[in-house]
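Visitor: Residue numbers (my numbering): 491 to 761. By construction, the Cβ of each residue, glycine as well, lies at the ideal position given by its N, Cα and C atoms. Sharing a structure here in structure tokens format.
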């Protein structure tokens, strides 16, 4: 509980350094220094324009990472909502199917559920003429598992970028802040003064990089966790669809519906 992460320690050290510099500037202020005023434009855009080229590059990279995170969010959210809706409709249709002939009509629909039905139907046709109930079920389960895994990989494609941004953006912003504070110290040395009018703008510009790093990282982490929960629910829907398919196949096996089913062309020729 008392252990601090490297990022927390770095931010704490940075805060202490900034506080010491500000206190030194305040204590060393003289009467002529009080008359000095801070630059007028301390808006985020003004601080960006006044920043060092390295700090500017860090800020641009963090803004790009933030835009990329939100783009992935909208694209994957729409994809997941459509896929889950199709899966719900297919599961409902499978629950109403009384035989495999009824279920097989759904394999031409779009969505990953139709891929499960096609996988099961392919195995049924390949196994026609030599059907052992236990062996057939094992082969269908194997095909369904591979189809589920493929659908899961397709759905999480791109979300790893969110995890990368969430893990690295604070450190990138911290690098920009450290670089900016180094330049501020150099400016203090050249000006030979610790007046706040000299110290504050450079520190503000440097801290803007850390702020942008947090702005990019926090939403990315939230989005990644959100997609992880949604993907887990999507995988559960695949498991429900697979269970429905296996129940339909099991019922038809008990009825002997597959014993008279002819094998596909090519399979019979190979035999």
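According to DSSP, is residue 682 part of a helix, a strand, or is it coil?
Guide: Residue 682: coil per DSSP, three-state reduction.
Visitor: Can you list, in chain order, the residues of its chain whose CB lies under 6 Å from that of residue 603, leaving out five sequence neighbours each side?
Guide: Correct list, in chain order: 577, 580, 731.
Visitor: Count the CB pairs spanning the region 539-546 and the region 661-673 that are closer than 8 Å, and state whether there are at least three.
Guide: Yes: at least three Cβ pairs fall under 8 Å.
Visitor: List the endpoints of the continuous alpha helix (DSSP H) containing residue 617.
Guide: Premise fails: residue 617 is in no alpha helix (DSSP H) and is neither H nor E.
Visitor: Give every residue of the same chain whose Cβ lies closer than 6 Å to the Cβ of residue 516, excluding the five residues on either side of it in the sequence, and list them in chain order.
Guide: Bear in mind that the predicted position of residue 516 carries a pLDDT of just 45, short of 50, making it too unreliable to give a figure here.
Visitor: Give the single residue among 728, 548, 564, 678 whose Cα lies nearest to the Cα of residue 601.
Guide: Nearest option by C-alpha distance: 728.
Visitor: Roughly how many whole angstroms lie between the Cα atoms of residue 745 and residue 734?
Guide: Roughly 17 Å between the two C-alpha positions.
Visitor: Just how far apart, CA to CA, sit residue 641 and residue 551?
Guide: In a straight line, the C-alpha of residue 641 is about 32 Å away from that of residue 551.
Visitor: Counting pairs of beta carbons, one from the region 650-661 and one from the region 550-564, are three or more of them closer than 8 Å?
Guide: Counting Cβ pairs under 8 Å, three or more are found: they touch.
Visitor: Buried or exposed: which applies to residue 643, given that a residue is buried once 16 or more other Cβ atoms fall within 10 Å of its Cβ?
Guide: Exposed is the call here.
Visitor: Is it buried or exposed for residue 671, if we count other Cβ within 10 angstroms and need 16 for buried?
Guide: Classification for residue 671: buried.
Visitor: Quick check: the Cα distance between residue 724 and residue 615, rounded to an integer number of angstroms?
Guide: If you take the alpha carbons of residue 724 and residue 615, they lie about 28 Å apart.
Visitor: Closest by CA to residue 689, which one among 678, 659, 631?
Guide: Residue 689 has its Cα closest to that of 678, out of 678, 659, 631.
Visitor: For residue 720, which residues in the same chain have their Cβ closer than 6 Å to its Cβ, ignoring the five residues on either side in sequence?
Guide: 570, listed in sequence order.
Visitor: For residue 574, tell me which candidate among 633, 682, 645, 705 has the shortest Cα-Cα distance.
Guide: Ranking 633, 682, 645, 705 by Cα distance to residue 574 puts 645 first.
Visitor: Taking only three categories from DSSP, how would you classify residue 599?
Guide: Correct three-state label for residue 599: coil.
Visitor: In the structure shown, what three-state DSSP assignment does residue 542 receive?
Guide: Note: residue 542 maps to coil in three-state DSSP.
Visitor: Select from 717, 658, 586, 626 the residue whose C-alpha is nearest the C-alpha of residue 739.
Guide: If we check each option's Cα against that of residue 739, 626 comes out closest.
Visitor: Does the distance from the CB of residue 613 to the CB of residue 595 come in under 7 Å?
Guide: Contact flag unset, no.
Visitor: Assuming residue 736 contacts residue 631 under a Cβ cut-off of 8 Å, what Cβ separation, rounded to an integer in Å, is found between them?
Guide: About 7 Å; that satisfies the 8 Å criterion.
Visitor: Verify whether the separation of the beta carbon atoms of residue 549 and residue 699 is less than 7 Å.
Guide: A contact, by the Cβ cut-off of 7 Å.
Visitor: Going by C-alpha distance, which of 559, 589, 708, 741 is nearest residue 660?
Guide: Answer by Cα proximity: 708.
Visitor: Please identify the residue among 597, 692, 639 whose C-alpha is closest to the C-alpha of residue 534.
Guide: The shortest C-alpha separation from residue 534 is found at 692.
Visitor: If you draw a straight line from the C-alpha of residue 559 to the C-alpha of residue 706, how long is it?
Guide: Roughly 8 Å between the two C-alpha positions.
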